[in-house]
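Participant: The structure that follows is given in the form of structure tokens.
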């Protein structure tokens, strides 16, 4: 997003910007617009979840019960913590504490990977039971259409979220490398700030997915 | 509308204390625990409503503190509010159909 | 006036009871639209000519030195009354239109019900008496008729321009449409939702008959006395029973005639094929280890392509009935299986519902039966099960 | 100072340019190709319909043809055209900025658009798509044609649309010249800004719903499949949540062009700047609340029919405010009747008629008869062609001198515009009547009583096509042989005319400082 990402620690102002503050503002604001757009990508799925939950309330509740509560809950804690560490990384970079920044980012990356590992474990458990999306669904204990749709949506929403997670890991990894090489410093922390914003969005979506897919309400 | 750019600069040059991040983290974990506890107590649609309300509060904390929306410009805050509003709008429009057929 | 406007706008005849009032709103709306567009164009043209460069009029007003984003031109009150009036006009359209829509959406309680099935690319109709027809819908004139419609494949839309009515026909759901035809006559039916290469040939016809003719027609006592050739895919009327039957009873008869009951029992007794007792909406195990719900869609598929999803524990010996049974016949069989839903799957556990003797009323309460209520009446018309 | 056209030379300097003006021209070429392709599809459709029976197509070919006409015209032409061509070229100039906020992103947007267009057209190679541009399930998930390819292509084009929208929003917020206040931006900027908001909010929803269709088509996920408990009507909700606002993506930029053209050529300030600026935002937001009026007979709840019906009435008021304001702007003006003004006049009739028939079809009981007939086809073509295409042509003529440094021939311009407008009226007025008579859309054979109206419509389409060909011809001539243009040939007060003609790479000789409004016609022109 930072169109004129500086190649050295001395920030370069693009010709179109009046000054550095404008450029920083543009990058920051552009990221927010992008995040808003990203959120709307999930909107359709939220809408479908609403509709099918209304239509198949009992089956949804039963299917929610089937998901591994401990995995979902562990993952929500992991992501909240990683949100904190990435915020802490931004905070530290602004105060020129490079080591703390790097450590915070490293913990964030580990958290992200851990999240994906748990997610993978859960997918594996589902696959063994025959809980596949769509036509391939073959779970005998919940043969109803509602459960099938629930799991299709589950795969779609958590899958899309996991893709964003992978994207977030790539961005944070890239920023970590920049910080480590001294390319992103307190003089122009924008790449890290933007990466962190993205990470927080991914976290926020999971905060909503958690009650939708793991907390039973029957 | 964009008069507050100096604030961003100020935030960059004089970062506040990190205590707010720690407080936010503790609040988020407490709310998570609360949701977890409540889901054994509340049932049905009420339980879902409670859980989603707490989730909304948590996301608000993430946005305001971690994402620094509290210090952000009006325009940025508007972007965030509009995006959320349209997600809600889509769900409401669909609900008004499926729920009342 | 009505006739003049209708012809001017090329609207088809107003054949249903609702059509005329809908057309009145149509005239109101379209005339307003034309006045609006013509008025704006005329005013624009007038200004374009009057204030064209070099007429001298262009320099009339003293230069306006207020900032450009200040209000100008006309008074605020004038603007507010224009837009307020316009909004009021639109809201009036909405009020009339929506109240008419509610009338369109709610059939009178005494409507007779006809089942409509859309599939690529034809329309099938099943009457309460057990008869069926393809491509031609026979209705009595002067009586409200409610169509309960569903689709076998993709979304279609049942559209009768002469009635000013149309409703999408959605697979997996039942939508409804009602009308009352004013006089005997013929009215084209189109499919209005793109449904594949045969979309534009998916036409049919509504033939409205006088009440007495309709009764005779439907009971097979007389052919319809309608002049002119039958349009579209019309297929001559078929399967007129001697006595009025419910759809489920019709299904029972078809099942017996087509040989279904040689393998499928209806009282839960184990036999060559899965019993139909309690089958509908039951969860059944399949040969490949999966499970599914034996809903109408599954039952229909199994009649058309029996080998696709085999009930566990049975060998497939059943031929495909695709092309042998018509859509209304299959619908009737499915309805018959539906009527056996509350019969116990293993014999002896619960008493079978006693067969109801004699005829059933002309308008059967098929669509009104909820789970738990007694199922639709099944007259034992053909006697013994082979 | 050398102009942006000649500053650097060679193919590479164009293909890898980050100059917003050159990117605008690249988009102009790409969208013009899309227009030609979509137009050829349209003509083939019209000629097939001359006879009630089959002529030179079969049902499947016809379905593929109208589907590709729709997809190409909507996603490759109407949605991107004015923002990416004139928005790209003039938005920064109207703000007094040297470029957009993210020039590299801007170029990326062009190539993403090209990639999407190639994928969409590749679907033709793989057998085409026959679902209509609406991709309604479950037909789209069961159709044997290349649905997944086309849906993916549209998704990619959508990404381009989001990137452009994002870029413009940030540009407006951060790159206004010194002293340029929000209420002193030219009205075209407001229109593009409102459009960008819709692009950013609505397009992801389309992306997701088409992804669901594509995935469902490829791997049978069945999320809308009634055999698996799904509800196909939900797809329509998601689709129209984008595609109704998309109508405003198409028309708002055209309205921005109207505001500029009418003020410049009547030499007058807008009768109410605020009314035009804020109604753009109003349309952008209220436009999101009306999507359900496409689904009145789709089996939606009666409650939703009522809600979406009344909300649709409100959105029309904003358009009415604009129309009214433009008309009053002419009053006491000093009007120069040029080709853009002829297009403006055509627009005023076609848009008002098209818009009011829009309110008519949102009237629920009338919609029951009209929806999915030629009435709806005629209605939205009045908006899309009568509104957007005419103003796109007006914009080309209006800004031609600034973009290329040459004047177009005025007489030929008036001839071309007359052909386009009359041809248009002859094409689509019969279609209103066809719809009234009950002719469903997307029919390739039809009852014989409709034939004469179809013949009239096809004749009109031929005139329309001739008008467009004439226009293309003299514009290409003017590109090379037209008389040289001055800096401000229309004597406009808008800021883009302060730059040299054609503009240099970073637009202005010196950073622009705004000392007057963009419509201060009472002041003498002072650069």
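Protein chains in written order, with the numbering used here: chain R, 64 to 281; chain L, 24 to 124; chain Z, 74 to 459; chain U, 1225 to 1751. Backbone N, C-alpha and C fix where the C-beta goes; we use that ideal spot for every residue, glycine too. Every value quoted in this text rests on a predicted model; they were computed, and no experiment measured them.
1. Taking the straight line between their C-alpha atoms, what separation do you get for residue 1409(U) and residue 225(Z)?
2. I need the boundaries of the beta strand (DSSP E) containing residue 195(Z), first residue and last residue.
3. Once DSSP output is grouped into helix, strand and coil, what is the label at residue 1655(U)?
4. In chain order, what residues of the same chain have a beta carbon less than 6 Å from the beta carbon of residue 1241(U), not counting five sequence neighbours either side?
5. So with Cβ pairs under 7 Å, would you call residue 218(Z) a contact of chain U?
6. When you compare only the Cα positions, how much space is there between residue 1623(U) and residue 1721(U)?
7. DSSP on residue 232(Z), reduced to helix/strand/coil?
8. Does residue 241(Z) come out as helix, strand or coil in the three-state DSSP assignment?
9. Buried or exposed: which applies to residue 1402(U), given that a residue is buried once 16 or more other Cβ atoms fall within 10 Å of its Cβ?
10. Between residue 1615(U) and residue 1709(U), is the Cβ-Cβ spacing less than 7 Å?
11. For residue 69(R), decide whether its Cβ has a neighbour in chain U, counting only Cβ atoms nearer than 7 Å.
12. On a CA-only basis, which of 1661(U), 1654(U), 1697(U) is nearest residue 1682(U)? Give me that one, please.
13. Out of 208(R), 155(R), 189(R), state which residue places its alpha-carbon closest to the alpha-carbon of residue 129(R).
14. Over what stretch of residues does the beta strand (DSSP E) that includes residue 218(Z) continue unbroken?
15. Look up residue 424(Z) in the DSSP assignment and say whether it is helix, strand or coil.
16. Give me the chain Z residues within the contact set of residue 196(R), using Cβ-Cβ distance strictly less than 8 Å, ordered along the chain.
17. Taking 7 Å as the threshold (beta carbon to beta carbon), is residue 81(L) in contact with chain R?
18. Provide the residue span of the beta strand (DSSP E) that contains residue 468(Z), from first to last.
19. Under 8 Å, with one C-beta from each stretch per pair, do the region 1333-1350 of chain U and the region 1287-1303 of chain U reach the 3-pair mark?
20. If you follow the alpha helix (DSSP H) that residue 1550(U) is part of, which residue opens it and which one closes it?
21. Does the beta-carbon of residue 89(Z) have 16 or more other beta-carbons within 10 angstroms, so that it is buried, or is it exposed?
22. Counting only beta-carbon atoms, is residue 206(R) nearer than 7 Å to chain Z?
23. Rank 1420(U), 1399(U), 1247(U) by C-alpha distance to the C-alpha of residue 1336(U) and give the top, closest one.
24. Would you list the residues sitting across from residue 1636(U) in a DSSP beta bridge?
25. Note the first and the last residue of the continuous alpha helix (DSSP H) segment covering residue 1417(U).
26. Using a Cβ-Cβ distance under 7 Å, would residue 121(Z) count as near chain U?
27. Answer yes or no: do residue 171(Z) and residue 1530(U) have a C-beta to C-beta separation smaller than 7 Å?
28. Starting from the N-terminal side, write out each stretch of the alpha helix (DSSP H) that is 4 residues or longer and does not extend beyond the region 155-208 of chain R.
29. Using a threshold of 7 Å, state whether the C-beta atoms of residue 240(Z) and residue 231(Z) are closer than that.
30. Whole-angstrom Cβ separation of residue 1470(U) and residue 1426(U), contact assumed at under 8 Å?
31. Put residue 40(L) into one of helix, strand or coil per three-state DSSP.
32. For residue 100(L), return the contacting residues in chain U, with the cut-off set at a CB-CB distance below 8 Å.
33. Counting only the same chain and skipping the five closest in sequence on each side, list residues whose C-beta sits under 7 Å from that of residue 241(R).
34. Output, in sequence order along the chain, the residues in the region 89-115 of chain L whose CB is closer than 8 Å to any CB in chain U.
35. By DSSP, does residue 1597(U) sit in helix, in strand, or in coil?
36. Could you check where the alpha helix (DSSP H) with residue 1613(U) kicks off and where it finishes?
Facilitator: Looking at the atomic coordinates:
1. Rounded to whole angstroms, the gap between the alpha carbons of residue 1409(U) and residue 225(Z) is 56 Å.
2. Here the beta strand (DSSP E) through residue 195(Z) covers 195-199.
3. Helix at residue 1655(U).
4. By the criterion of a C-beta distance shorter than 6 Å, residue 1241(U) is surrounded by no residue of its chain, once the five residues flanking it on both sides are discounted.
5. So no, residue 218(Z) is outside the interface.
6. Taking the CA atoms as reference points, residue 1623(U) sits about 9 Å from residue 1721(U).
7. Residue 232(Z): strand per DSSP, three-state reduction.
8. If DSSP states are grouped into helix, strand and coil, residue 241(Z) belongs with the strands.
9. Burial call: exposed.
10. No; because the gap between Cβ atoms is not below 7 Å, this pair is not in contact.
11. Legend: pLDDT at residue 69(R) = 42, less than 50; position of this residue unreliable, value from coordinates given subsequently. Taking Cβ atoms only, chain U never reaches closer than 7 Å to residue 69(R), which makes this a no.
12. Considering only alpha carbons, the answer is 1654(U).
13. Among 208(R), 155(R), 189(R), the Cα nearest to that of residue 129(R) belongs to 189(R).
14. Segment 217-224, the beta strand (DSSP E) holding residue 218(Z).
15. Unreliable positioning characterises residue 424(Z) in this predicted model, as indicated by a pLDDT of 38, which lies under 50. A coordinate reading is not provided.
16. Listed along chain Z, no residue sits closer than 8 Å to residue 196(R) by beta-carbon distance, the nearest being about 15 Å off.
17. Cβ-Cβ to chain R under 7 Å: yes for residue 81(L).
18. No statement about residue 468(Z) is possible, as the shown extent of chain Z runs from 74 to 459 and does not include it.
19. Enough Cβ pairs lie closer than 8 Å, so yes.
20. Its alpha helix (DSSP H) spans residues 1526-1554.
21. Buried: at least 16 other Cβ atoms inside 10 Å.
22. Yes, residue 206(R) counts as interfacial toward chain Z.
23. The shortest C-alpha to C-alpha distance from residue 1336(U) to any of 1420(U), 1399(U), 1247(U) is the one to 1247(U).
24. Secondary-structure assignment with DSSP links residue 1636(U) through no beta bridge to anything.
25. The continuous alpha helix (DSSP H) containing residue 1417(U) extends over residues 1411-1443.
26. Judged by the 7 Å Cβ criterion, residue 121(Z) is in contact with chain U.
27. Taking 7 Å as the Cβ cut-off, residue 171(Z) and residue 1530(U) qualify as a contacting pair.
28. Whole alpha helix (DSSP H) segments, 4+ residues: 161-192.
29. Closer than 7 Å, so yes.
30. That belief holds up - the Cβ atoms of residue 1470(U) and residue 1426(U) are roughly 7 Å apart, short of 8 Å.
31. In the three-state scheme derived from DSSP, where H, G and I count as helix and E and B as strand, residue 40(L) is classed as coil.
32. Going along chain U, no residue has its Cβ under 8 Å from residue 100(L), so there is no contact; the nearest lies around 13 Å.
33. Within the same chain, 247, 254 come within 7 Å of residue 241(R) by CB-CB distance, once the 5 residues on both sides are set aside.
34. Within the region 89-115 of chain L, those residues whose Cβ lies closer than 8 Å to any Cβ of chain U are, in chain order, 98, 105, 106, 109, 112, 113.
35. Strand at residue 1597(U).
36. Per DSSP, residue 1613(U) belongs to no alpha helix (DSSP H) and is neither H nor E.
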